[in-house]
């Protein structure tokens, strides 16, 4: 089951994973008010179950509350078409308005189920901000893979190895190691099939922040998570 980015962010927040300040808007006026809280400069992001939003105008940087209102007015009520949707696209019913951060570096971090070894697999790369498929095709050697253990979990030294491979600044190594450990807890505790942060950013003051968040939940495990089952948005699904 897919969930929206703002819902994924709420889950990450509960586990202490750093994310930008943000709020969800259902109307253009609400988007303007939220942008005003951030001083006018903000990012307006459509909340849809599809990747590639930024390439088709679904993610917009604004510099004032009025601009946020105009952008949200055009997006809310529209249908967003990306390469991951059909020709009809998916409905945009709300947007997330988030603070902007000064970005020094963009990284990639995800956890998936590796069926071949029967364990969660951490995938990371210094090439963040682009689709991982593009990295795999162009520079596969830049993708780091570290397996967790279904019984033991993720050993601290493995989390540190991933942080080192991501080449974060020395001052951010401890924070990054904790973030990776916390993200693994998110994956296991919530029976996820995918947790993806793209990009995971390093700010100018060497803070590591999950700028974007994608979480897929295992349908067959939802009986254990009635609170998560309520996050399903049927309007984003193909009626068939």
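Numbering (my numbering), first residue to last: 22 to 261. Where is the CB? At the ideal position from N, CA and C, for every residue including glycine.
Residues in the same chain with beta-carbon distance under 8 Å from residue 125, minus the five sequence neighbours each way, listed in chain order, please. 222, 223, 224, 225, 227
Opposing strand residues paired with residue 261 [DSSP bridges]: DSSP output for residue 261 lists no bridge partner at all.
Residue 180 at chain B interface by Cβ criterion, 7 Å: Here there is only one protein chain, and chain B is not present.
List the residues that DSSP assigns as beta-bridge partners of residue 292. Residue numbering for the chain in the displayed model covers 22 to 261; residue 292 lies beyond these limits and cannot be assessed.
Could you check the C-alpha separation between residue 140 and residue 238 for me, to the nearest Å? 16 Å
Beta carbon of residue 173 nearer than 7 Å to that of residue 197: no
Distance, residue 41 Cα to residue 191 Cα: 22 Å
Please classify residue 160 as buried or exposed, where buried requires at least 16 neighbouring CB atoms within 10 angstroms. exposed
Taking residue 94 as part of the alpha helix (DSSP H), name the residues at either end of that continuous run. 86-96
Nearest by alpha-carbon distance to residue 38: which of 216, 241, 254, 256 is it? 216
How is the beta strand (DSSP E) around residue 163 delimited, first residue to last? Here residue 163 belongs to no beta strand (DSSP E), and DSSP marks it neither H nor E.
Between residue 114 and residue 49, what straight-line distance do the alpha-carbon atoms span, to the nearest angstrom? A direct Cα-Cα distance of roughly 11 Å separates residue 114 from residue 49.
What's the gap between the Cα of residue 53 and the Cα of residue 80? 15 Å
Mind checking residue 176: buried by the 16 CB within 10 Å criterion, or exposed? So residue 176 ends up on the exposed side.
Note down the Cα distance separating residue 88 from residue 46, rounded to an integer number of angstroms. 14 Å
Rounded distance between the beta-carbons of residue 243 and residue 250, thought under 8 Å: 4 Å
Expressed to the nearest angstrom, what Euclidean distance is found between the alpha-carbon atoms of residue 186 and residue 105? 30 Å
Return the first residue and the last residue of the beta strand (DSSP E) that residue 238 is part of. Where residue 238 is concerned, the enclosing beta strand (DSSP E) stretches over 235-238.
Where does residue 211 land, buried or exposed, given buried means 16+ other C-beta within 10 angstroms? buried
Collapsed DSSP secondary structure at residue 211 in the structure displayed: coil
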